[in-house]
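Okay, structure first, notes after.
Numbering (my numbering), first residue to last: 427 to 758.
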């Protein structure tokens, strides 16, 4: 039996969330509903503009794969995360939150610089728009990867956001080859429609000859496969992975387990913030399948968890929420 259920690699970011109007996004020249990489100056300019409008800001630790790893860990998985933070206040906060979640992270060693930050703007329809300054995460390299921990993991989980950099594309592709050659299963998130549309070739390079599982939403699936419908995209994704999940929010999730197509009904809730919904789904799903649950059970459970996080402001559930889930589903 391996030491870790899931080993995650991705950006280590501090999220700053606030509510905005569609008009603000349009006036500021910010594309709605996607992640856009920005430099520190641009991010600061937007923050100053938001502060002038008397916005309330909520700061939380983030990073797509890290959110998933924390969720899996708090549900009961043994997890490990590799990322890069700076030796600053934000980096220290990030490391403390990993420790509090029970995630192993000894490869996360603070260095000089600035910890990455993601400005998350939530509109009235609960859609999230992200402007990300990678900071120290831009310097993530193989030296942050703990080969021993990776080899002692059942699954490796990597975020598609790494495709935005040639350096990280090559690094991710090499790590996936190493993992697969060592018998570690590989899961990849397509991350964001912007990433898929702008960096599709890099994503395909990361995937190489195929991965074990892909997480994506409907828009990402269609964009990545170049198809015109979810049905076509679901079929085409089988060229790239043994199994996959295509999420569609409250509609539900379509899951291929390697043999059969499964549908998991979504849950209608009054969503206030969709930031972290996909991350929560992936974390809960990985927890479930590494606990021996079926893909149907995993998808149903992940939908429940995602429906809970969209009712909160911020990308993660609280510890009390995870304790309630463990009691409700007898996961202890």
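Ideal Cβ positions, reconstructed from N, Cα and C, are used throughout, including at glycine. In this text, all values refer to a predicted model and were calculated from it rather than measured experimentally.
With residue i and residue j assumed to form a contact (beta carbons below 8 Å), what rounded beta-carbon distance in angstroms separates them?
| i | j | result |
| --- | --- | --- |
| residue 649 | residue 619 | 6 Å |
| residue 734 | residue 747 | 6 Å |
| residue 507 | residue 484 | Actually they do not touch by this definition, with Cβ atoms about 22 Å apart. |
| residue 375 | residue 602 | Outside the shown range of the chain, which is 427 to 758, sits residue 375, and nothing can be said about it. |
| residue 713 | residue 732 | At roughly 13 Å, the Cβ-Cβ gap does not stay under 8 Å, so residue 713 and residue 732 are not in contact. |
| residue 509 | residue 441 | Residue 509 to residue 441, Cβ: 14 Å. No contact. |
| residue 701 | residue 554 | 4 Å |
| residue 683 | residue 721 | 4 Å |
| residue 516 | residue 430 | Their Cβ separation, rounded to whole angstroms, is 26 Å, which puts residue 516 and residue 430 out of contact at 8 Å. |
| residue 496 | residue 758 | The Cβ separation is near 19 Å, so there is no contact. |
Given residue i, which residues of its chain have a CB within under 7 Å of its CB, disregarding the five upstream and five downstream residues?
| i | result |
| --- | --- |
| residue 445 | 481 and 548 |
| residue 450 | none |
| residue 428 | 578, 579 and 580 |
| residue 606 | 612 |
| residue 710 | 497, 501, 727, 728 and 731 |
| residue 469 | 543, 545, 557 and 559 |
I'd like the list of long-range same chain contacts for residue i, defined as Cβ closer than 8 Å, with 5 residues on each side in sequence excluded.
| i | result |
| --- | --- |
| residue 512 | 536, 537, 538, 539, 540, 541, 561 and 562 |
| residue 656 | 644, 647, 648, 672, 674 and 680 |
| residue 594 | 566 and 588 |
| residue 610 | 433, 576, 577, 579, 580, 581 and 582 |
| residue 740 | 441, 443, 484, 486, 699, 701 and 702 |
Name the two residues that bound the continuous alpha helix (DSSP H) containing residue i.
| i | result |
| --- | --- |
| residue 516 | 515-526 |
| residue 686 | No alpha helix (DSSP H) holds residue 686; DSSP gives it neither H nor E. |
| residue 468 | 466-477 |
| residue 448 | 448-454 |
| residue 440 | Per DSSP, residue 440 belongs to no alpha helix (DSSP H); it is in the beta strand (DSSP E), 439-445. |
| residue 731 | 721-735 |
| residue 542 | From DSSP, residue 542 is part of no alpha helix (DSSP H) but of the beta strand (DSSP E) over 542-548. |
| residue 491 | 490-501 |
| residue 661 | 656-663 |
| residue 569 | Run containing residue 569: none; DSSP gives neither H nor E here. |
| residue 611 | Unbroken run through residue 611 is the beta strand (DSSP E), 611-615; no alpha helix (DSSP H). |
| residue 594 | 592-607 |
| residue 705 | 703-716 |
Note the first and the last residue of the continuous beta strand (DSSP E) segment covering residue i.
| i | result |
| --- | --- |
| residue 633 | Residue 633 -> not in any beta strand (DSSP E); alpha helix (DSSP H) instead, spanning 626-633. |
| residue 585 | 579-585 |
| residue 642 | 637-643 |
| residue 670 | 667-673 |
| residue 557 | 554-559 |
| residue 508 | 505-508 |
| residue 462 | 461-463 |
| residue 482 | Neither: residue 482 is in no beta strand (DSSP E) and is coded neither H nor E. |
| residue 435 | 430-435 |
Out of the options, point me to the one whose CA is closest to residue i's CA.
| i | options | result |
| --- | --- | --- |
| residue 498 | 755, 737, 716 and 722 | 716 |
| residue 568 | 556, 550, 555 and 598 | 598 |
| residue 635 | 626, 665, 621 and 615 | 665 |
| residue 615 | 544, 705, 755 and 696 | 705 |
| residue 590 | 610, 487, 558 and 469 | 558 |
| residue 624 | 441, 489, 592 and 700 | 592 |
| residue 694 | 638, 493, 517 and 676 | 676 |
| residue 685 | 638, 653, 678 and 434 | 638 |
| residue 459 | 596, 469, 448 and 467 | 448 |
| residue 476 | 453, 493 and 494 | 453 |
| residue 472 | 719, 697, 495 and 443 | 443 |
| residue 527 | 754, 744, 490 and 753 | 744 |
| residue 756 | 729, 736, 719 and 742 | 719 |
| residue 617 | 753, 494, 604 and 455 | 494 |
| residue 697 | 518, 667, 552 and 491 | 552 |
| residue 550 | 750, 737 and 749 | 737 |
| residue 492 | 750, 754, 604 and 534 | 534 |
Please go through the same chain and pick out, in chain order, the residues whose beta-carbon is closer than 6 Å to the beta-carbon of residue i, but skip the five residues on each side of it.
| i | result |
| --- | --- |
| residue 556 | 461, 544 and 546 |
| residue 435 | 508 and 584 |
| residue 628 | 589 and 595 |
| residue 622 | 616, 646, 649 and 650 |
| residue 724 | 711, 714 and 715 |
| residue 531 | 507 and 524 |
Return yes when the C-beta of residue i is under 8 Å from any heavy atom of the ligand MN, and no when it is not.
| i | result |
| --- | --- |
| residue 590 | For the structure depicted, the ligand MN is absent and the ligand set is empty, with no information on it obtainable. |
Does any residue of chain D have a CB that is nearer than 9 Å to the CB of residue i?
| i | result |
| --- | --- |
| residue 644 | Absent here is chain D; the protein component of the structure consists of one chain. |
For the segment 663-671 against the segment 461-471, are there 3 or more C-beta pairs whose distance is under 8 Å?
-> no
Specify whether the segment 584-603 and the segment 521-528 touch according to this definition: at least 3 beta carbon pairs, one from each stretch, less than 8 Å apart.
-> no
Spell out a yes or no on whether the segment 631-645 and the segment 687-697 are touching, meaning 3 or more CB-CB pairs, one atom from each, closer than 8 Å.
-> no
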